[in-house]
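Our numbering puts the first residue of the sequence shown at 3, with every later residue one more than the last.
Don't be surprised by glycine CBs; every beta carbon is placed ideally from N, CA and C.
The model shown is predicted, which means the values in this text are computed figures rather than measured ones.
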Amino acid sequence: MSYATEYQRSLTQPEQFWADQADLIPWFKKPTSILANLPDGTHRWFADGELNTAYIALDYQIEQGRGDQTALIYDSPVSNTKKRFTYTELRDQVAQFAGVLTNLGVGKGDGVIIYMPMVPEAGIAMLACARVGAVHSVVFGGFAPHELAIRIDDAKPKVVLTASCGLEFTKVIEYKPLVDQAMLEATHKPEHVVVLQRPQAQAQLQAGRDLDWYEQFNAANPVGCTPVKSTDPLYIMYTSGTTGKPKGIVRDNGGHAVALHYALRNIYNMQAGDVWMGCSDVGWVVGHSFIMYGPLMGGCTTVFFEGKPVRTPDAGTFWRMVQEYGVNGMFAAPTAFRAIRKEDPEGKLFRQYDVSSLKHIFVAGEKLDSPTYHWLHEIAQKPVYDHWWQTETGWPVTAPATALGATDIRVGSTNRAVAGYDVQVLDPMGTQLGANTTGGIAIKLPLPPGCAQTLWNDHERYLSSYLGEYPGYYHTGDGGYIDENGFVYIMGRTDDVINVSGHRLSTGEMEELVAKHPAVAECAVIGVHEALKGQVPVGLILLKDGADIEHKALERELVAMIREQIGAIACFNRAIVVDRLPKTRSGKILRAVLRKIANGETYATPSTIDDESILPEITEKMVQEGLVFESSPEEA
């Protein structure tokens, strides 16, 4: 079946389309209700079906004859550790740790917070929660105690699972003091903290409350899979909210399994036995969807990596793993490849490895600028696919259907809508716009399986945040356009559009142009308040290693590039070289924070920031450059 035929069928016959996809996964009780639309605009997929996610990921795969196949490869250059688990070994580990949870009184519907580094035990814990029907919430290891306390109070877990430390480059980050502080601050008090002791740091255990991971593991008996309803929650994934209170995205079991199986096969073209490498962390949605759950539910081997794309030990570490494990498909954020390009611009490290096993490279998480695309495609000589999705959707919204032969690439586009997603561009009144006209990106309801239908303990916030802007649509918060061939172009969050003398301009488009300069490794363009024009764009520039150019000369060249490509109307007259750009741990540049710094507005340090020390550093740089208002813009 062609992509076009399948896509149209998914929109005109959604129930039959997704019933067919549901037939491809094993249910304990096959659903008869495929789609139920509710009065508030939300909907339920496969509501009367029963299944277990851990069973699909492990036991079922063993029943299909994959027990001796490698399920998970752990590769940790930061701890100099490598380990492999077959499907049988991983199932046995998960079943026994599920016994630990059972012994601690954790059962169906109970909450568990997992605050761990990228070690196999983190993935085992996720699957063990799924096995007993508990609802896990992974909080990125190293998050500040206050942020962890907020999540403890919201999720109300019975148990917190953690490790003594995480590792970054040469740094050891002790987790237990952070957990202890969060437990003191939280109003809700989990009954136990289970601690995985790592050799790099030994945690002090509090008598009565704290338990040693492997002492509990060795005393437990393995348990089987608890059937859960399709609509029962599998996990909560917290994402930053504009109010400061994080939003707990709820992922169901049934729709999630069906959607991930569809994406794995049709988007990524991964078949049972293939080796997949998702270069992310289980603290993020990519780590859930395409490190732990998706690859295993599809019978693949998944690479579980503890490290960074650079300096562990060098910018060739991704390519070393591709060669060593025979990786067939990989997925990373653009920022990872920008970091690699910065340190290995000529691809010398890349050429040390044989990557012939690799079918293609996928990127998502932030806009893939064309210079990074061209560099990666040129050195790898593999298809490089940009695609787009969100924590809320849990799987791709726009992407190539590589298994259906839809492998066309338009540089700058995140490809066409995936089956099930009716993606449209709307004006502020909710009217659909024509081809090549920029507006708000929205998805016509119903959303396909796998997408969140509520927030944990805050359904009204879900309705107002996502369904309130455009009645009958899910509001993505992103802006962009769709061309005449259906290719979607995401230009950034809608608040990344600036108003210069009444003209609405995309900072994303300017970033794309700035990034083409041969000296530029990465950049952020933000809108700064200006009394006459309202806003003007300013570029913050990170240079490539070894780039030899005088900063003012670079500024002149960038100003000329923007003037030539967009016009004088853009009023792009400032480009400042900085040593670092503030990012989230998943690699997104914190543009909203940069805007607030430049405009003299107060801001809260995001819980997701990778390194807090950069904010005073970049604030000082902006002050030196005369960019920061001494007072609020209204008073200035």
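Check each candidate in the options and name the one with the smallest Cα separation from residue i.
{"i": "R313", "options": "F306, D283 and D346", "result": "D346"}
{"i": "F219", "options": "R133, G328, G275 and A97", "result": "A97"}
{"i": "V490", "options": "R418, I543 and L465", "result": "R418"}
{"i": "P143", "options": "P539, T610, E217 and T439", "result": "Looking at the sequence provided, one finds Gly at residue 143 rather than Pro. Residue T610 is the option with its Cα nearest to G143."}
{"i": "Q383", "options": "K369, I363, A6 and G396", "result": "I363"}
{"i": "R597", "options": "P229, H531 and C281", "result": "H531"}
{"i": "H148", "options": "L507, A606 and I578", "result": "A606"}
{"i": "F574", "options": "Q23, P584 and V538", "result": "V538"}
{"i": "A1", "options": "V561, S81 and I578", "result": "Since the displayed the chain opens at 3 and closes at 638, residue 1 lies outside it and no answer follows."}
{"i": "P315", "options": "P16, S81 and G628", "result": "S81"}
{"i": "G328", "options": "N255, T72, L629 and M3", "result": "T72"}
{"i": "H379", "options": "W397, P336 and V420", "result": "P336"}
{"i": "E627", "options": "G51, V579 and F339", "result": "V579"}
{"i": "L169", "options": "D388, R322, P119 and A221", "result": "P119"}
{"i": "G452", "options": "W377, R11 and A24", "result": "A24"}
{"i": "T393", "options": "Y9, D214 and G285", "result": "G285"}
{"i": "G494", "options": "S508, G488 and L180", "result": "S508"}
{"i": "T395", "options": "A572, M239 and D70", "result": "M239"}
{"i": "L262", "options": "F171, L92 and P450", "result": "P450"}
{"i": "D70", "options": "K85, Y76 and Y89", "result": "Y89"}
{"i": "P159", "options": "F145, K191 and L180", "result": "K191"}
{"i": "E217", "options": "A203, D234, Q199 and Q208", "result": "Q199"}
{"i": "I484", "options": "A21, Q434, K585 and Y355", "result": "Q434"}
{"i": "V287", "options": "W321, P473 and A334", "result": "A334"}
If you draw a straight line from the C-alpha of residue i to the C-alpha of residue j, how long is it?
{"i": "E486", "j": "E348", "result": "36 Å"}
{"i": "L150", "j": "E559", "result": "45 Å"}
{"i": "N459", "j": "D156", "result": "8 Å"}
{"i": "V413", "j": "Y295", "result": "30 Å"}
{"i": "K173", "j": "D182", "result": "20 Å"}
{"i": "L13", "j": "Y464", "result": "24 Å"}
{"i": "Q18", "j": "L37", "result": "10 Å"}
{"i": "P402", "j": "Y237", "result": "27 Å"}
{"i": "T55", "j": "R133", "result": "7 Å"}
{"i": "L60", "j": "E308", "result": "22 Å"}
{"i": "G422", "j": "S139", "result": "27 Å"}
{"i": "G482", "j": "D424", "result": "15 Å"}
{"i": "A106", "j": "T164", "result": "Sequence inspection shows Leu at residue 106; the Ala mentioned does not correspond to that position. If you take the alpha carbons of L106 and T164, they lie about 15 Å apart."}
{"i": "Y475", "j": "G442", "result": "11 Å"}
{"i": "P385", "j": "V161", "result": "44 Å"}
{"i": "E632", "j": "G602", "result": "Model confidence at E632 stands at a pLDDT of 41, short of 50, so the residue's coordinates are unreliable; what they give is reported in the following sentence. When rounded, the distance between both Cα atoms is 6 Å."}
{"i": "Q1", "j": "S291", "result": "The question about residue 1 has no answer, for the chain in this structure spans 3 to 638."}
{"i": "P448", "j": "Y117", "result": "34 Å"}
Mind reading off the beta-carbon distance from residue i to residue j? Whole number of angstroms is fine, and I expect it under 8 Å.
{"i": "S232", "j": "F48", "result": "4 Å"}
{"i": "V141", "j": "R153", "result": "5 Å"}
{"i": "S390", "j": "T400", "result": "Reading off the sequence, residue 390 comes out as Trp, not Ser. Yes, they are in contact, since the Cβ atoms of W390 and T400 sit about 5 Å apart, within 8 Å."}
{"i": "A127", "j": "R253", "result": "A127 to R253, Cβ: 16 Å. No contact."}
{"i": "L74", "j": "T304", "result": "6 Å"}
{"i": "I599", "j": "M624", "result": "6 Å"}
{"i": "E513", "j": "D612", "result": "Going by Cβ atoms, the distance from E513 to D612 rounds to 19 Å, so no, they are not a contact pair."}
{"i": "F87", "j": "P122", "result": "7 Å"}
So, at 6 Å on beta carbons, what are the nonlocal neighbours of residue i in its own chain, with the 5 sequence-adjacent residues on each side left out?
{"i": "V324", "result": "V357 and L360"}
{"i": "L223", "result": "In the sequence under discussion, the amino acid at residue 223 is Asn, which differs from the Leu named in the question. So the list reads G101, once near-sequence residues are dropped."}
{"i": "N39", "result": "H45"}
{"i": "C302", "result": "M272, D276 and W278"}
{"i": "A205", "result": "S166, K178 and V197"}
{"i": "G135", "result": "K110, T228 and V230"}
{"i": "T189", "result": "D155"}
{"i": "A649", "result": "The question about residue 649 has no answer, for the chain in this structure spans 3 to 638."}
{"i": "G289", "result": "S282 and D283"}
{"i": "L129", "result": "A56 and V96"}
{"i": "M332", "result": "M279 and I363"}
{"i": "K518", "result": "P373"}
{"i": "G488", "result": "R418"}
If I measure Cβ to Cβ from residue i and keep anything under 7 Å in the same chain, skipping five residues before and after, which residues do I get?
{"i": "A521", "result": "L545, K546, A549, I551 and L556"}
{"i": "R211", "result": "H194 and V195"}
{"i": "A259", "result": "I27, L53, T55, I58 and M299"}
{"i": "Y62", "result": "P28"}
Within a Cβ cutoff of 8 Å, which residues of the same chain sit near residue i, ignoring the five residues on either side of it in sequence?
{"i": "E566", "result": "none"}
{"i": "V516", "result": "V522, C525, V527, G541, I543, L560, M563, I564 and A577"}
{"i": "P297", "result": "L266, M272, W278, G280, T303 and T304"}
* For the stretch 5–90, list the alpha helix (DSSP H) runs that are entirely contained and at least 4 residues long, ordered along the chain. => 5–14 and 16–24
- Message: Which complete alpha helix (DSSP H) runs does the stretch 169–200 hold, if anything under 4 residues is left out?
- Response: 178–187
Query raised in the report: If you scan the stretch 438–474 from start to end, which runs of the alpha helix (DSSP H) of 4 or more residues do you find wholly inside it?
Result: 461–464
- request: Output the residue ranges of the alpha helix (DSSP H) runs that lie fully inside the stretch 242–286 and measure 4 residues or longer, sorted by chain position.
  value: 256–268
Let me know the alpha helix (DSSP H) ranges lying completely inside the stretch 485–566, each 4 residues or longer, listed in chain order. 509–516
**Request:** Write down every uninterrupted run of the alpha helix (DSSP H) in the stretch 202–235 whose length is 4 residues or greater and which is fully enclosed by it, in chain order.
**Result:** 215–220
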